[in-house]
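Input: a single structure, listed below in structure tokens.
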Amino acid sequence: MSTELPFFGHVVNGEEVPSIDGATMPTVDPYTREPWATVALGGQKEADLAVAAAREAFDSGPWPRMGFDKRHQLIHRLADLMEEHADELATADTRDMGKPITQARHDVARSVWNFRFFADHARMSTADTYPMDSGHHAYTRWDPAGVVVAISPWNFPLMMSTWKVAPALAWGNTVVLKPAEDTPTSATILGRLAIEAGLPPGVLNVVHGYGPDSAGAALTSNPDVDRITFTGESGTGRIISAAAAKNLIPVSLELGGKGANIVFDDADLDNAVHWAIEAIFRNAGQVCLAGSRLYVQRGIYDEFLTRYAAAAEKLVVGDPKDPATQFSPALASQEHFTKVRSFLEPEALGGGTVLTGGVGDGWGVRPTIVRDPSPDARIVQEEIFGPVVAASVFDTEEEAVRLANATPYGLNAMVFTENLSRAHRVSANLAAGTVWVNCFFIRDLRAPFGGVGDSGVGREGGNFSREFFTEPKAVVMQIAR
Ligand code: NAD
Numbered sequence: 104m105s106t107e108l109p110f111f112g113h114v115v116n117g118e119e120v121p122s123i124d125g126a127t128m129p130t131v132d133p134y135t136r137e138p139w140a141t142v143a144l145g146g147q148k149e150a151d152l153a154v155a156a157a158r159e160a161f162d163s164g165p166w167p168r169m170g171f172d173k174r175h176q177l178i179h180r181l182a183d184l185m186e187e188h189a190d191e192l193a194t195a196d197t198r199d200m201g202k203p204i205t206q207a208r209h210d211v212a213r214s215v216w217n218f219r220f221f222a223d224h225a226r227m228s229t230a231d232t233y234p235m236d237s238g239h240h241a242y243t244r245w246d247p248a249g250v251v252v253a254i255s256p257w258n259f260p261l262m263m264s265t266w267k268v269a270p271a272l273a274w275g276n277t278v279v280l281k282p283a284e285d286t287p288t289s290a291t292i293l294g295r296l297a298i299e300a301g302l303p304p305g306v307l308n309v310v311h312g313y314g315p316d317s318a319g320a321a322l323t324s325n326p327d328v329d330r331i332t333f334t335g336e337s338g339t340g341r342i343i344s345a346a347a348a349k350n351l352i353p354v355s356l357e358l359g360g361k362g363a364n365i366v367f368d369d370a371d372l373d374n375a376v377h378w379a380i381e382a383i384f385r386n387a388g389q390v391c392l393a394g395s396r397l398y399v400q401r402g403i404y405d406e407f408l409t410r411y412a413a414a415a416e417k418l419v420v421g422d423p424k425d426p427a428t429q430f431s432p433a434l435a436s437q438e439h440f441t442k443v444r445s446f447l448e449p450e451a452l453g454g455g456t457v458l459t460g461g462v463g464d465g466w467g468v469r470p471t472i473v474r475d476p477s478p479d480a481r482i483v484q485e486e487i488f489g490p491v492v493a494a495s496v497f498d499t500e501e502e503a504v505r506l507a508n509a510t511p512y513g514l515n516a517m518v519f520t521e522n523l524s525r526a527h528r529v530s531a532n533l534a535a536g537t538v539w540v541n542c543f544f545i546r547d548l549r550a551p552f553g554g555v556g557d558s559g560v561g562r563e564g565g566n567f568s569r570e571f572f573t574e575p576k577a578v579v580m581q582i583a584r
């Protein structure tokens, strides 16, 4: 049966190729729970070949040497082709992980923007000059770092991959991308489009495979690599950081989260309910930034939860391929469903009561709101990565900040209030890489993105990506003689 399914290969040195030994893996559509495509399964050999191709393309090929204008043209050409193939790319992500097709289309648009933004950003970038009292000028060169390994997660397959690939390419690096094994197909399509756009061979390589003892581990322990950018679980981040340390390779780690969503009693309730729904039920909560902890001030707690539960129950649940669907009835895989379901066991709920939701059909968990769990419950402390939110009450601003900061994570937080001073004060006091006030998910790609604590190491975005994906060099010139 699998021979009839579409095939997605690795992309190495400008060609789509199978694994050397012909090994493959199925990719399963979580909605149908059937394989829908066959994917090349790589390991050490494929990883080594891809790194060698990227190394050769960096050391001897035209990409790092062609200059910003030409690279800018080629990257925009790739973005054009992605727009032409938007349906194919969106369908690949929807079938691989079950996200509603409208959300997958949004991810494709953002992925296109990742390329356009970083191509423009690199071409327009300035270099600092420091006139010195001694009659010298010191200036900065932003030279490409070399071979970049990009390892991405399954929750925003194309979007997270391009968030890494785009700045790396724009700054003149060559790349080996390893997408998550559960969501591999959009990466192959991206690799095919890069060839069609005219990127030279070896500039963007794609290797499929698993993490431990497979392609992922092979890529992160290869000494010919110059940068590793990783998004995924905090535990995996620790393993990758240790592997990179052996070769002194700089890493950028975007890791897990446990976003706190704080609603003060002066908030615009319609707006706060809207974003509280988006924060945890978009992509079925399989979002690092998910607002998985909700803290509401006592004066509006009951009213807020009544409105919130009603809005959660109104979400349109259906076939992810149907544009009318807002919430997918299937989580991304059986393994992930089993994990999320475990958070609805009494020992994880910490005395909390399920206001709405619970386990659904197949691999599904319905939009679930849990009221009043104890602050040390698993549901409050651990990343669930599913459509389950823990709601708690607070009385004072200080208490809200203390509760929000009381997990090992610190990726993001949200604050809803009409009090301007409080908005600034609370934002300053939250231990988080991003704080959204009266909104959520809104991004400016020039701003830093990353997390504190177990949520990551380093920042990407705009100049922060430039610093990671380049090897900044100081040149000191004698001016006065
Ligand atoms: P994961 O850590 O299981 O896997 C991520 C990637 O790492 C996959 O490609 C996997 O094959 C690879 N990998 C796993 N073990 C490896 C190893 N030993 N060596 C090399 N590669 C290895 O994460 P996931 O389950 O795919 O993604 C979900 C996680 O990602 C959540 O924790 C989520 O919060 C996080 N995430 C973070 C951000 C962010 O920007 N901070 C964004 C999206 C997702």
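Residue numbers (this note's numbering): 104 to 584. For each residue, glycine too, the CB sits at the ideal point set by N, CA and C. Every value quoted in this text rests on a predicted model; they were computed, and no experiment measured them.
Going by the C-beta, is residue i closer than 7 Å to any heavy atom of the ligand NAD?
i, result
"residue 334", "yes"
"residue 567", "no"
"residue 254", "yes"
"residue 537", "no"
"residue 459", "no"
"residue 281", "yes"
"residue 485", "no"
"residue 359", "yes"
"residue 548", "no"
"residue 257", "yes"
"residue 574", "no"
"residue 342", "yes"
"residue 511", "no"
"residue 144", "no"
"residue 289", "no"
"residue 490", "no"
"residue 388", "no"
"residue 362", "no"
"residue 514", "yes"
"residue 339", "yes"
"residue 315", "yes"
"residue 559", "yes"
Under 6 Å Cβ to Cβ from residue i, same chain only, skipping five residues before and after it: list those, please.
i, result
"residue 332", "253, 267, 355"
"residue 109", "140"
"residue 104", "Residue confidence is low: residue 104 scores 44 on pLDDT, short of 50, so the model does not pin down where it sits. Its coordinate-derived value is still stated next. Here the set comprises nothing."
"residue 274", "225, 247, 572, 573"
"residue 115", "152, 153, 156, 308"
"residue 233", "241"
"residue 117", "298, 304"
"residue 126", "144"
"residue 410", "376"
"residue 559", "356, 357, 358, 553"
Taking a contact to mean a Cβ-Cβ separation below 8 Å, would you say residue i touches residue j in this structure?
i, j, result
"residue 471", "residue 412", "no"
"residue 394", "residue 362", "yes"
"residue 578", "residue 244", "yes"
"residue 277", "residue 306", "yes"
"residue 121", "residue 130", "no"
"residue 294", "residue 177", "no"
"residue 144", "residue 128", "yes"
"residue 548", "residue 391", "no"
"residue 455", "residue 468", "no"
"residue 193", "residue 215", "no"
"residue 543", "residue 389", "no"
"residue 478", "residue 503", "no"
"residue 486", "residue 312", "no"
"residue 323", "residue 346", "yes"
"residue 433", "residue 384", "no"
"residue 435", "residue 200", "yes"
Which residues in the same chain as residue i place their Cβ atom closer than 8 Å to its Cβ, once the five residues preceding and following it in sequence are excluded?
i, result
"residue 522", "367, 369"
"residue 283", "255, 256, 257, 260, 335"
"residue 419", "427, 428, 429, 430"
"residue 524", "none"
"residue 403", "366, 368, 370, 372"
"residue 191", "292"
Any heavy atom of the ligand MN closer than 7 Å to the CB of residue i?
i, result
"residue 320", "In the structure shown, the ligand MN is absent; the only ligands present are the ligand NAD."
For residue i, which residues in the same chain have their Cβ closer than 7 Å to its Cβ, ignoring the five residues on either side in sequence?
i, result
"residue 327", "154, 158, 250"
"residue 202", "196, 386, 423, 431"
"residue 564", "548, 549, 550, 551, 552"
"residue 484", "510"
"residue 160", "166, 277, 303, 304, 305, 306"
"residue 507", "363, 365, 398, 516, 533"
"residue 238", "581, 582, 583"
For this session: Spell out a yes or no on whether the segment 527-534 and the segment 504-519 are touching, meaning 3 or more CB-CB pairs, one atom from each, closer than 8 Å.
Result: yes
Exercise. Is the segment 495-509 touching the segment 394-408 in the sense that three or more CB pairs, one from each, lie closer than 8 Å?
Worked result: Counting Cβ pairs under 8 Å, three or more are found: they touch.
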